[in-house]
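Undergrad: Residue numbers (my numbering): 154 to 516.
#1: Taking the beta carbon of residue 430 as the centre, do at least 16 other beta carbons fall within 10 Å, making it buried, or is it exposed?
#2: Can you find a CB in chain B that lies within less than 8 Å of the CB of residue 188?
#3: Please report the residue range of the beta strand (DSSP E) in which residue 257 lies.
#4: Quick check: what's the CA-CA separation for residue 489 versus residue 438?
#5: Just to check my reading of the structure: residue 410 and residue 385 have Cβ atoms closer than 8 Å, yes? What is that Cβ distance to the nearest angstrom?
#6: Look at the alpha carbon of residue 434 and the alpha carbon of residue 424, and state the distance between them as a whole number of angstroms.
#7: Reducing DSSP to helix, strand and coil, say where residue 457 ends up.
#8: Between the Cα of residue 233 and those of 361, 157 and 318, spot the shortest distance and give me the residue it belongs to.
#9: Please list the terminal residues of the continuous beta strand (DSSP E) segment that includes residue 356.
#10: Does the beta-carbon of residue 383 have 16 or more other beta-carbons within 10 angstroms, so that it is buried, or is it exposed?
#11: Short of 6 Å in beta carbon distance, which residues of its chain neighbour residue 165, apart from the five on each side in sequence? Order them along the chain.
#12: Between the beta-carbon of residue 443 and the beta-carbon of residue 494, is there less than 8 Å?
#13: Specify whether the stretch 279-287 and the stretch 297-308 touch according to this definition: at least 3 beta carbon pairs, one from each stretch, less than 8 Å apart.
#14: Going along the chain, which residues of its own chain have a beta-carbon closer than 6 Å to the beta-carbon of residue 432, five neighbours each way excluded?
#15: Can you give me the C-alpha to C-alpha distance between residue 169 and residue 440, rounded to a whole angstrom?
#16: What do you reckon, are the CB atoms on residue 291 and residue 315 nearer than 8 Å?
#17: Inspect the beta-carbon positions of residue 417 and residue 458 and report whether they are closer than 8 Å.
#18: With H, G and I counted as helix, E and B as strand and the rest as coil, what does DSSP make of residue 467?
#19: Which of the three DSSP states, helix, strand or coil, is assigned to residue 443?
#20: Checking the sheet assignment: what are the DSSP bridge partners for residue 382?
#21: For residue 172 and residue 473, what's the separation of their Cα atoms in angstroms?
#22: Count the other C-beta atoms from every protein chain shown that fall within 10 angstroms of the C-beta of residue 426, then say buried if there are 16 or more, exposed otherwise.
#23: Check whether the stretch 395-408 and the stretch 235-247 touch, using three or more Cβ-Cβ pairs below 8 Å as the test.
#24: In whole angstroms, what separates the C-alpha of residue 470 from that of residue 335?
#25: According to DSSP, residue 216 sits in a beta bridge with which residue or residues?
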């Protein structure tokens, strides 16, 4: 079996079980695996190289996500990359459910996930060679880095608005709703300054901030006059709101969602061809990223059309993050032909996760 299957472009359709077996060999071979997984393997009651035969075998792994809160990031780099791995950055979760978790992204995966996301924008008719306004978290948050990279890859200049979503979540948790609202309006004012003085063709932001933008008629007018497309992500948008934006608020602007997580080092694309009133369905780049929608009490898949909790797997040469029970609920949707795992629709957060209240805030 060739390990080159791990390097295929994300629009390929490798045999998913062969792909997973190649990943097990890479991550648990002493010559190529990371220090983290080689040490962690000693605590497992199975041998990943022998016992994980395919995608279904990923459920054998414990959910190790919480261990990423304090693991040394160098220990996450597979030895197969050599002594000078090309690190794009270290990125952290939003801190929604406690101390943030960290992942490390290497150049080869970064280039491939960005190429896949950009191809999706082309398919959806998003323009190239226009400027972008990025109203997303920066710093340790992967969403901001990916958003800025989109602008560069697609031939535009990027304008950014600085955002600290953790501060907003602290304010909300402390019952300081007025301060949280004032901070959100501070972000909107910065966006207004860019929109009113510069040519902007695409905006990428979060649903809570997009909702605040719609409260200002002047901003809605500016967007309908200048902007060709809006990409939303980082939080959740219900079907009715999406329908309203598409048909009444921004009728001439392309609106497309993304759904992902720092803990899968990427995301999924909104399915094309959906009517304005349809649920927003997300299809991941399987087998690199796969979703499963389960009953959290039994661990078994729910029926198609039923709601459950999302389990995510990230399986690449860069990292192995299997069997991660996310903080999201979703409807299980039958995947497109050739895609292993589930697609998801009508994503929304659980009320509590790991004994912490889930607060979205602005992200």
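We put the CB at the ideal spot given by N, CA and C, even for glycine.
None of the values given here were measured: they were computed from a predicted structure.
TA: On the basis of the coordinates in this document:
#1: exposed
#2: Here chain B cannot be found, since the structure has a single protein chain.
#3: Bounds of the beta strand (DSSP E) holding residue 257 are 255-259.
#4: 11 Å
#5: About 5 Å separates the CB atoms of residue 410 and residue 385; that is less than 8 Å, so the two are in contact.
#6: The alpha-carbon separation between residue 434 and residue 424 amounts to approximately 6 Å.
#7: coil
#8: 157
#9: 355-358
#10: buried
#11: none
#12: yes
#13: yes
#14: 392, 498 and 499
#15: Straight-line Cα distance between these residues: approximately 6 Å.
#16: yes
#17: no
#18: Under the three-state reduction of DSSP, residue 467 is assigned to strand.
#19: strand
#20: 355 and 407.
#21: When rounded, the distance between both Cα atoms is 13 Å.
#22: exposed
#23: no
#24: 43 Å
#25: For residue 216, which the question treats as bridged, DSSP gives no partner whatsoever.
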